[in-house]
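Working notes for the structure below.
2 protein chains.
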Amino acid sequence: MRDGLTIGAVARRGGVSVETVRYYERIGLLPPPPRSAGGHRLYGEEDARRLDFVRRGRALGFGLEEIRRLLRLEAGGCGEAQLLAREQLASLRRKMAELRRMERALAGAAAGCSASRAAGCPLLRTLSGG
Amino acid sequence: MRDGLTIGAVARRGGVSVETVRYYERIGLLPPPPRSAGGHRLYGEEDARRLDFVRRGRALGFGLEEIRRLLRLEAGGCGEAQLLAREQLASLRRKMAELRRMERALAGAAAGCSASRAAGCPLLRTLSGG
DNA sequence: CTACGACCTGTAGCGGCTACAGGTGCAAGG
DNA sequence: CCTTGCACCTGTAGCCGCTACAGGTCGTAG
């Protein structure tokens, strides 16, 4: 392509799939790029940066709506960004606590399970409310 | 109702919503119960126990397909149950590690954020690849 | 000029529910 | 007996963040 990145190139650079890039465009997270004569999308450096921003936000566990808000704050707006970050930290910690609870409960329930045991499986007994 | 629990009663006892009970029936996780003359579902004790089994499995983080397998193993089958438990423990730990990674990264990125700061927000800088 | 891959649009599916809309059953109070 | 009002019924669509097609078109290297 004369100038601009194809969707494949920008997706590879952003570490996401081509379908994901199109999806982000569909939901308005990435702006619709100009097209080649034949209708292929042509991205610029700014788009690649924006996609990177999204990917980084995802890696921090932000939802796409929150990333949309963060993108709007990109110039200044640290106060609101900080608020979003605090909420996101709290959400991550809630999820972690829930997983830890599950892990402890499951480890406890499965303790004493063995392949040779035919009946009275501790895990199945727990699930049955025993 | 003469004999049997209404869907509302069985849902309350199982700690899930009425819609969830109907959903479980639709996907074949709960058997279709007999109906009253007017078409209302009438559940027995066995159904309530089965619903409890499912809820307990969900509380341990199992997916509905895995719970379906566990239900089939209910009489004996400790060996396979143990295998499922081990896989589920590993899955919980993977998710926890991912959340921990996000938490550390986010806490680092948001450190130094403050409401008064107008530009150069550490979090936004991180997201922009700074 | 042909072959082949990368691209295009549109739609449906995943898991595990949740939320309607628009209708019917049931039980209790008057 | 009749009304009220809640609980129930079916069916469908939506949530999130993709992913996976089908069936076609474009771009480029040989």
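Residue numbers (the UniProt record's numbering), protein chains in the order written: chain A, 1 to 130; chain B, 1 to 130.
Cβ coordinates follow ideal geometry from the N, Cα and C atoms, glycine included.
Hey, out of the options, whose CA is closest to residue i's CA?
{"i": "B:Ala-85", "options": "B:Leu-60, B:Met-96 and B:Glu-74", "result": "B:Leu-60"}
{"i": "B:Arg-12", "options": "B:Ala-111, B:Arg-49, B:Asp-3 and B:Gly-79", "result": "B:Arg-49"}
{"i": "B:Glu-65", "options": "B:Leu-30, B:Val-18 and B:Ala-109", "result": "B:Leu-30"}
{"i": "A:Val-10", "options": "A:Ala-37, A:Gly-38, A:Asp-52 and A:Pro-34", "result": "A:Asp-52"}
{"i": "A:Thr-126", "options": "B:Glu-87, B:Arg-58 and B:Val-18", "result": "B:Arg-58"}
Please report how far the alpha carbon of residue i lies from the alpha carbon of residue j, in whole angstroms.
{"i": "B:Tyr-23", "j": "A:Ala-81", "result": "39 Å"}
{"i": "A:Ser-91", "j": "A:Asp-47", "result": "29 Å"}
{"i": "B:Pro-32", "j": "A:Ser-128", "result": "20 Å"}
{"i": "A:Thr-20", "j": "A:Arg-26", "result": "10 Å"}
{"i": "A:Arg-94", "j": "B:Ala-75", "result": "35 Å"}
{"i": "B:Gly-63", "j": "A:Glu-87", "result": "27 Å"}
{"i": "B:Gly-28", "j": "B:Ala-107", "result": "43 Å"}
{"i": "B:Ala-37", "j": "A:Val-18", "result": "54 Å"}
{"i": "A:Gly-130", "j": "A:Met-102", "result": "18 Å"}
{"i": "A:Gly-39", "j": "B:Gly-39", "result": "55 Å"}
Less than 7 Å between C-beta atoms, sequence neighbours within five positions excluded: which residues of the same chain meet that for residue i?
{"i": "B:Gly-44", "result": "Gly-4"}
{"i": "residue 133 of chain B", "result": "Residue 133 of chain B cannot be examined here, being either before or after the span of chain B that is shown, 1 to 130."}
{"i": "A:Arg-35", "result": "Arg-41 and Leu-42"}
Are residue i and residue j close, meaning C-beta to C-beta below 7 Å?
{"i": "B:Arg-41", "j": "B:Ile-7", "result": "yes"}
{"i": "B:Cys-121", "j": "A:Cys-113", "result": "no"}
{"i": "B:Leu-123", "j": "B:Ala-105", "result": "no"}
With residue i and residue j assumed to form a contact (beta carbons below 8 Å), what rounded beta-carbon distance in angstroms separates them?
{"i": "A:Met-96", "j": "B:Leu-89", "result": "Not a contact, Cβ separation roughly 15 Å."}
Does the distance between the C-beta of residue i and the nearest non-hydrogen atom of the ligand GTP fall short of 6 Å?
{"i": "B:Ile-7", "result": "With respect to the ligand GTP, the structure shown offers nothing to examine, as it has no ligands at all."}
Could you name the residues of the same chain whose beta carbon sits closer than 8 Å to that of residue i, not counting the 5 residues immediately before and after it, in chain order?
{"i": "B:Arg-55", "result": "Gly-14, Gly-15 and Val-16"}
{"i": "B:Leu-70", "result": "Phe-53, Gly-57, Phe-62, Ala-81 and Leu-84"}
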